[in-house]
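Residue numbers for the sequence shown, in this note's numbering: 1211 to 1475. Written below as structure tokens is the structure these notes are about.
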Amino acid sequence: QSRITVTRLQEMRRSRTPIACLTAYDAVFGRLVDEAGMDVVLVGDSLGMVVQGHETTVPVTLEQMIYHTSLVARGCRRALLMADMPFMSYTDPSQALANAARLMQEGGAQMVKLEGDGGQVQVVSALARHGIPVCAHLGLRPQSIHKLGGYRVQGRGAHAGERMMRDAVALQDAGADILLLECVPAVLAAEIRGIVDIPVIGIGAGSDCDGQILVLHDVLGLTAKPPRFARNFLQGSDDIPAALAAYVSAVRERRFPGPEHTFQN
Ligand code: KIV
Ligand code: NA
């Protein structure tokens, strides 16, 4: 089977086929997640928490992201491989270009993701102009946790909601290929999906997105205090490959996320 591309994700949005995405951090899980039929595998900087044991993603370095991306790349054949740009690795266009290039050339990533609001428009535009596929991560941005003051729902209230809608359009116009919305009320996520043309992937953003993403360790029930929007798919499955396949079908058939995984206004 041929590699999933940005074009394919666009087609999936148009045909209303939900896009299934999951994180992985090493070669074994790169292979298992890929073989389960995932469309996108993300090497998330969540590795700072689930692999390294830090309390936030802030300590994760570019070298660590390149290393883990190269491990996952060896296992992942079909899914589009996306890698997070870590904290402080995209403070201006030239730094972002150099670091995204390393994630692609040394790590093997096919797309980079950065946590962006309207302030990242210049960086996204520079990456796009140089042919680097970009995912812009809006809503709860864990790299800004010390500024946001906690892991909580973003975009609540008319002002914050309108601002996120403006940022989403600005990032799309700057050249972002996909948007990721984390911890956003379902109604706002649906509104944002309606005003952009690019695929919108949600995590804690309700069922009216073009796709869903979760953290591997949450899907396998390994997290001590899993977030409310996650579900343990190992429960009711015989083994890890079956749990990963169960996640893919639940996303495809729109059985996940349910109301219990979703935030209201
Ligand atoms: O780092 C990560 O795993 C992520 C997902 C939660 C979207 O950014
Ligand atoms: Na991340």
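Think of the CB as a built atom: it goes at the ideal place given N, C-alpha and C, for glycine as much as any other residue. Because the structure is a prediction, the values reported are computed rather than measured.
Quick one, are the C-beta atoms of residue i and residue j less than 7 angstroms apart?
i: Thr1271; j: Ala1293; result: no
i: Val1243; j: Leu1291; result: no
i: Gly1328; j: Ala1380; result: yes
i: Gly1349; j: Leu1389; result: no
i: Glu1325; j: Gln1364; result: no
i: Leu1343; j: Val1216; result: Residue 1343 is actually Pro in this sequence, not Leu. Taking 7 angstroms as the Cβ cut-off, Pro1343 and Val1216 qualify as a contacting pair.
i: Leu1398; j: Gly1371; result: yes
i: Asp1420; j: Ile1229; result: yes
i: Ala1434; j: Phe1443; result: no
i: Tyr1457; j: Val1429; result: yes
i: Ala1378; j: Ser1335; result: no
i: Asp1418; j: Ala1440; result: no
i: Phe1297; j: Val1268; result: yes
i: Arg1223; j: Gly1285; result: no
i: Ile1423; j: Ile1413; result: yes
i: Tyr1300; j: Val1331; result: no
i: Asp1236; j: Leu1307; result: no
i: Ile1355; j: Thr1266; result: yes
Please check the pair residue i and residue j, which I expect to be a contact at CB under 8 angstroms, by giving their CB distance rounded to whole angstroms.
i: Cys1231; j: Met1259; result: At roughly 18 angstroms, the Cβ-Cβ gap does not stay under 8 angstroms, so Cys1231 and Met1259 are not in contact.
i: Gln1220; j: Pro1395; result: 26 angstroms between Cβ atoms; not a contact.
i: Met1295; j: Asn1309; result: 6 angstroms
i: Ile1214; j: Arg1288; result: 6 angstroms
i: Ala1386; j: Ala1346; result: 4 angstroms
i: Ala1246; j: Pro1436; result: Ala1246 to Pro1436, Cβ: 19 angstroms. No contact.
i: Gln1445; j: Gly1431; result: 7 angstroms
i: Cys1393; j: Phe1473; result: 7 angstroms
i: Asn1194; j: Arg1366; result: Since the first and last residues shown for the chain are 1211 and 1475, residue 1194 lies out of range.
The alpha helix (DSSP H) with residue i in it runs from where to where?
i: Glu1221; result: 1216 to 1224
i: Gln1274; result: 1272 to 1285
i: Leu1242; result: 1237 to 1245
i: Leu1252; result: No alpha helix (DSSP H) contains Leu1252, which is instead part of the beta strand (DSSP E) from 1250 to 1253.
i: Leu1424; result: Leu1424 -> not in any alpha helix (DSSP H); beta strand (DSSP E) instead, spanning 1421 to 1424.
i: Ser1459; result: 1450 to 1462
Could you give the residue range of the beta strand (DSSP E) that holds residue i?
i: Ala1230; result: 1229 to 1233
i: Asp1294; result: 1290 to 1294
i: Gly1258; result: Premise fails: Gly1258 lies in the alpha helix (DSSP H), 1257 to 1260, not in any beta strand (DSSP E).
I want to check one thing, is the minimum distance from the CB of residue i to the heavy atoms of the ligand ZN below 6 angstroms?
i: Thr1233; result: Absence of the ligand ZN from the depicted structure is noted, with the ligand KIV and the ligand NA being the only ligands included.
Could I get the ranges of all uninterrupted beta strand (DSSP E) runs contained in the segment 1385 to 1414, with 3 residues as the minimum, in chain order? Whole beta strand (DSSP E) segments, 3+ residues: 1388 to 1392, 1410 to 1413.
Who sits around the ligand NA, taking every residue whose Cβ is closer than 5 angstroms to one of its heavy atoms? So the residues near the ligand NA by this Cβ test are Gly1254, Asp1255, Asp1294.
Run through the segment 1313 to 1382 for me and flag every whole beta strand (DSSP E) of 3 or more residues, listed as ranges in chain order. The segment 1313 to 1382 contains these whole beta strand (DSSP E) runs: 1321 to 1325, 1344 to 1349.
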